[in-house]
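Encoded as structure tokens, the structure appears first; notes follow it.
Numbering (the working numbering), first residue to last: -9 to 101.
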């Protein structure tokens, strides 16, 4: 598989818009102490193993994964637990809006 520089730039932009920006915006809404783009990226990296442990080892299924993501938000973004429980949900809603915009513009190839 051969990628051009333009393709890699588009992939990086889509990754930023769909993975990092929703977390950053949700953290800003709940006034997290760490609401930078770097903290959002670190939250993404920490949330993956936390969600896996919550789902696979605690036996709670998708709810355990959600609790793992919320715990990652609380630890990395330094927000209250009540805000940390809502940040993943709000990030998902923001993500859906961004995907709708990108697919409507034809960037994702759905439009």
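Yeah, the Cβ is synthetic: ideal placement off N, Cα and C, and Gly gets one too. These numbers were taken from a predicted model, which means no experiment stands behind them.
Candidates 26, 61, 28: closest to residue 41 by CA position: Counting from 1 along the chain shown, the entry for residue 41 is found at position 51. Of 26, 61, 28, the residue nearest in Cα terms is 61.
Nearest to residue 63 by alpha carbon, out of 82, 6, 13, 86? Taking the chain shown and counting its residues from 1, the one referred to as residue 63 is at position 73. Nearest of 82, 6, 13, 86 to residue 63, Cα basis: 13.
Tell whether a beta-carbon distance below 8 Å holds between residue 24 and residue 70. Against the chain shown, residue 24 aligns to sequence position 34. Against the chain shown, residue 70 aligns to sequence position 80. Going by C-beta atoms, residue 24 is not nearer than 8 Å to residue 70.
Taking only the alpha-carbon atoms, compute the straight-line gap between residue -4 and residue 34 and give it to the nearest angstrom. Stepping through the chain shown from its first residue, residue -4 is reached at position 6. Stepping through the chain shown from its first residue, residue 34 is reached at position 44. Roughly 25 Å separates the two Cα atoms.
What residue does the alpha helix (DSSP H) around residue 90 start on, and which one ends it? If you number the chain shown from 1, residue 90 lands on position 100. Its alpha helix (DSSP H) spans residues 71 to 94.
Excluding the five sequence neighbours on either side, which residues of its own chain have a C-beta within less than 7 Å of the C-beta of residue 80, listed in chain order? In the chain shown, counting from the first residue as 1, residue 80 sits at position 90. Same-chain partners within the cutoff: 16, 19.
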